[in-house]
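Asks: Residue numbers (this note's numbering): 276 to 397. Cβ coordinates follow ideal geometry from the N, Cα and C atoms, glycine included.
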Amino acid sequence: MSPTQPTHSPNPDEIEEVIAATRDPRIVDSIMEAYGDAAWVDLRELLQGFDHDKALPGVLKAVGETLQRQSALTDSVARHLADDGRIDREELAECKLHLRRTQGALLALERMLERAVEGFHG
């Protein structure tokens with residue numbers, strides 16, 4: 276796969292292979308940006324077994340991560356607005372990335388809460 280090679284456009288299977296081999300979240304971020312109006316979250320940590328005794332700490336950790344992402348988004352918007360009172364395309368792209376990561380963190384938090392309830396009512 277090369278952007279300078281006009282004879283071949285990657286197909287979905289090849290893109291999947293690259294993502295699986297690299298596990299590079301920047302690739303998925305880029306795909307989400309190109310697709311638009313989409314968010315993703317890496318749930319591997321949540322899916323690797325669930326210890327009901329550790330549910331509350333897991334939920335609290337997810338809340339903390341969500342708040343950190345929200346803080347990064349707010350800081351980014353404030354910084355860009357403080358520069359010149361406007362947000363340019365590059366700054367917008369950065370803000371959109373923070374928004375998508377915050378959405379992903381919220382999805383992870385939702386999953387953690389569901390698992391905590393499943394464990395409680397188990």
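Compute the distance between the beta-carbons of glutamate 383 and valine 316, then report whether it is under 8 angstroms.
Replies: It should be pointed out that residue 383 corresponds to alanine in this sequence rather than to glutamate. Taking 8 angstroms as the Cβ cut-off, alanine 383 and valine 316 qualify as a contacting pair.
Asks: By the three-class DSSP mapping on this structure, what secondary structure does threonine 279 have?
Replies: DSSP places threonine 279 in coil when its eight states are reduced to three.
Asks: Could you please give the first and the last residue of the uninterrupted alpha helix (DSSP H) stretch that includes proline 300?
Replies: Proline 300 -> alpha helix (DSSP H) spans 300–310.
Asks: Drop a sphere of 10 angstroms on the beta-carbon of histidine 283, count the other beta-carbons inside from all chains shown, and report buried for 16 or more, exposed for fewer.
Replies: Exposed, by the Cβ-count rule.
Asks: Please tell me whether aspartate 299 has its Cβ less than 8 angstroms away from any Cβ of chain D.
Replies: The structure shown contains no chain D, having only a single protein chain.
Asks: Decide if glycine 311 is buried, meaning its Cβ has at least 16 other Cβ atoms within 10 Å, or exposed.
Replies: Exposed, because fewer than 16 other Cβ atoms sit within 10 Å of the Cβ of glycine 311.
Asks: Measure the Cβ-Cβ separation of alanine 380 and arginine 344 and say whether it is below 8 angstroms.
Replies: yes
Asks: Rounding to the nearest angstrom, what Cα-Cα distance links arginine 370 and serine 351 in this structure?
Replies: It is cysteine, not arginine, that sits at residue 370 in the sequence shown. Computed Cα separation, rounded: 7 angstroms.
Asks: Would you mind stating whether glutamate 366 and histidine 373 have Cβ atoms separated by less than 8 angstroms?
Replies: no
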